[in-house]
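Protein chains in written order, with my numbering: chain A, 1188 to 1490; chain B, 36 to 279. Note that the Cβ used here is the ideal one computed from N, Cα and C, for glycine as well. Source: prediction; values computed, not measured. Here's the structure, in structure tokens; my notes come after.
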């Protein structure tokens, strides 16, 4: 009833904690059995270990939050050697590996390393982090650059590649199309929206990095609109995300065209958010007369 | 960590802009003094992390200062209000680190976690000296409560309107070779670190996203790698801090 198939891999439900909001999973496993999740996208991983940006790197906004964490992670070697085994010990479903980089070579090298890892069903390639310079979002800013990253990672892995797109662009559909043309198996969207806050007390930006990525329920309509636009433009599956907070949001995102749905900021406010959405889905489906959740995918576009 | 609904049993002003709130609910997840709770407030997206001052089998006492919209909202909440809280977050003070006596230093609203700590240390039969620093007489709170526990208490105020004029570092005991525990504003903590060295535990503050280790928003670099203020902290051994 809740199953969905993403790039040939079946998920027991479409709920996937989004990268950067769920660590490497095992810490949430202390709270509940994370095997109820469709999948999980682990913390964005780069070739080298990174501390990220200076603090403060969190600010609150109306119905949302800004973060400028800047890809803090232990680096691909340690993720493969330590984090992934710990995750596999507690999670037996398909894992989405989230990979970031600062050059085409780095993206390719990290994807090649993760390619042989057991349990990794998809590689989500982050070309949209707004919090790092000379990388991240820069690769997702134009169709040409997005295509170049897709091509580079396509050459090194047979695993499905899902390109994670930035909303901080003029035409997200053209970028999705460029990824599709170079062999991407799917796209995920949206990453956070670039924003900022200034403290009236100090009269300075709240975050040390000045700007950060906006997420939370406030971005949901923007994310939904972009999923809609990309669905109209490509034939590969879309992982929809951005402000998803309730089971109703999940259905709405799927109606716009999402095959699966990532949940981000909601996990940070309620560590049980994904569990609750999974539990709530059957009753929401009943309310709206949905027998099979995957029948909803793109449903709003037809007729 | 426990997520639950907690009911306000009392919520009273105890000093200038400072309130004491008692919540009733499940406290089984609280394992050590210096941990905190994270409170969901109406109309606010992120929870508000507040240190635990004291706890019993079914109550949690917090003391908070009104510093913004969220805490202002809390100050107006009547008895009976139900709050969604994450309880027992973070790593608190390790009472085993001190031997037969301990020096506790609290600055302003860094004072509350010192109360639960003093209680625990006294229960272990240790001699506890509490040094409290406030800006002014109107800001002073909990002095009598610490005394009632059986701790030796000395208060300093920056303007001299109560106790000794000056900062907590002006009222340090002669014997500085005693394990210390502290919480307060960063300049105070750094002054204490400079005066007393690394034989202590320091509770830090940082802007948090989740409060339970998921978002990496409050990370800090230390001599022994990256630490999350909300998870490995907020209490850290002074000797791992990069404060030299």
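When the alpha-carbon of residue 1360 of chain A is set against those of A/1188, A/1417 and A/1228, the nearest one is in A/1417. Residue nearest to residue 219 of chain B within the set B/164, B/127, B/146 and B/278 is B/146 (criterion: CA-CA distance). Under the Cβ criterion of 7 Å, residue 99 of chain B is not counted among the residues facing chain A. Nearest neighbour of residue 1452 of chain A by Cα position, chosen from A/1486, A/1280 and A/1405, turns out to be A/1405.
In the three-state scheme derived from DSSP, where H, G and I count as helix and E and B as strand, residue 1325 of chain A is classed as helix. When C-alpha distances from residue 1318 of chain A are compared across A/1398, A/1482 and A/1476, the shortest belongs to A/1398. The closest CA to that of residue 1376 of chain A, considering only A/1210, A/1272 and A/1446, is found on A/1446. For residue 238 of chain B, not one C-beta of chain A is nearer than 7 Å to its own C-beta. For residue 1283 of chain A, there is no enclosing alpha helix (DSSP H); the enclosing beta strand (DSSP E) has its first and last residue at 1282-1286.
In the DSSP assignment, residue 216 of chain B is bridged to B/139 and B/236. Residue 1333 of chain A places its beta carbon less than 7 Å from that of residue 1365 of chain A. DSSP places residue 41 of chain B in the uninterrupted beta strand (DSSP E) bounded by 37-50. Annotation for residue 262 of chain B: the continuous beta strand (DSSP E) segment containing it runs 260-263. Between residue 1294 of chain A and residue 1340 of chain A, the gap from beta carbon to beta carbon is short of 7 Å.
Of all residues in the segment 38-52 of chain B, only 38 place a beta-carbon less than 7 Å from a beta-carbon of chain A. When Cβ pairs closer than 8 Å are counted between the two stretches, the segment 108-126 of chain B is seen to touch the segment 38-45 of chain B, the count reaching three or more. Residue 1301 of chain A and residue 1463 of chain A have their C-alpha atoms roughly 31 Å apart.
Closest option to residue 1188 of chain A, judged by alpha-carbon separation, among A/1378, A/1425, A/1489 and A/1471: A/1471.
The beta-carbon of residue 1238 of chain A is placed less than 7 Å from the nearest beta-carbon of chain B.
Contact annotation: residue 1215 of chain A and residue 1285 of chain A have beta-carbon atoms that are not nearer than 7 Å. Against residue 261 of chain B, the close residues of chain A are 1238 and 1259, in the order they occur along the chain (beta-carbon pairs closer than 8 Å). The segment 1243-1253 of chain A and the segment 68-82 of chain B touch, with no fewer than 3 CB-CB distances between them shorter than 8 Å. Interface criterion not met: the Cβ of residue 54 of chain B is under 7 Å from no Cβ in chain A. A contact between stretches requires three or more CB pairs, one per stretch, nearer than 8 Å, and the segment 186-200 of chain B meets this requirement with the segment 156-173 of chain B.
At least one CB of chain A lies nearer than 7 Å to the CB of residue 249 of chain B. Residue 226 of chain B is classed as buried because its beta carbon has at least 16 other beta carbons within 10 Å across all chains shown.
Counting the other Cβ atoms within 10 Å of the Cβ of residue 260 of chain B gives fewer than 16, which makes it exposed.
Residue 1350 of chain A is positioned such that its CB atom lies no closer than 7 Å to that of residue 1329 of chain A. Per DSSP, residue 272 of chain B is one residue of the beta strand (DSSP E) stretching across 270-272. In the pairwise beta carbon analysis, the segment 1481-1488 of chain A is classified as not touching the segment 202-214 of chain B: fewer than three pairs are separated by under 8 Å. DSSP, reduced to helix, strand and coil, places residue 77 of chain B outside both helices and strands of the structure shown, so it counts as coil. With a threshold of 16 other beta carbon atoms within 10 Å, residue 1390 of chain A falls short and is exposed.
Look at residue 1287 of chain A: its C-beta is not under 7 Å from any C-beta on chain B. For residue 1415 of chain A, the uninterrupted alpha helix (DSSP H) segment begins and ends at 1407-1420. Less than 7 Å separates the beta-carbon of residue 69 of chain B from that of residue 128 of chain B. Per DSSP, the beta-bridge partners of residue 57 of chain B are B/45 and B/96.
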